[in-house]
Amino acid sequence: MTAKEKAKVTHDINNVYHAKYKGKSSCYIRTHANEPDSPVYVYRFRNHGFDDYEIYMKESTD
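Residues in the sequence shown are numbered consecutively from 1, following UniProt numbering.
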């Protein structure tokens, strides 16, 4: 995963952190790049608190 991709996924997690991930340890998010027609991926991550995530898996949804 590139630094740019990790930053984008982290940003997406942060946007919904309090509603979806606060207090949970093992999580996932479905998201895609900001480019048109970009594929959607599921990212699995360990939650160590707001803005502190260990993204350990990326799966294609296709």
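Cβ atoms here follow ideal geometry from the backbone N, Cα and C, with glycine treated the same way.
Practice item. Report the rounded CA-to-CA distance for Y21 versus R46, giving the unit in angstroms. Key: Taking the sequence shown and counting its residues from 1, the one referred to as residue 21 is at position 21. Taking the sequence shown and counting its residues from 1, the one referred to as residue 46 is at position 46. Straight-line Cα distance between these residues: approximately 10 Å.
Review point. For Y28, does the count of other Cβ atoms within 10 angstroms reach 16, so buried, or fall short, so exposed?
Key: Position 28 of the sequence shown holds residue 28. Y28 should be labelled exposed.
Review point. Are D51 and N15 close, meaning C-beta to C-beta below 7 Å?
Key: On the sequence shown, residue 51 is found 51 positions in, with the first residue counted as 1. On the sequence shown, residue 15 is found 15 positions in, with the first residue counted as 1. No. Outside cutoff.
Review point. According to the neighbour-count rule (16 or more other Cβ atoms, all chains shown, within 10 Å of its Cβ), is V40 buried or exposed?
Key: Mapped onto the sequence shown, residue 40 falls at position 40. It counts as exposed.
Review point. Going by Cα to Cα distance, which pick from T61, H18, K24 is closest to E54?
Key: Your numbering for residue 54 matches position 54 in the sequence shown. Of the candidates T61, H18, K24, the one whose C-alpha sits nearest the C-alpha of E54 is K24.
Check your understanding: Count the other CB atoms within 10 Å of the CB of Y43; is the residue buried (16 or more) or exposed (fewer)?
Key -> If you number the sequence shown from 1, residue 43 lands on position 43. Classification of Y43: buried, given that the 10 Å Cβ count is 16 or more.
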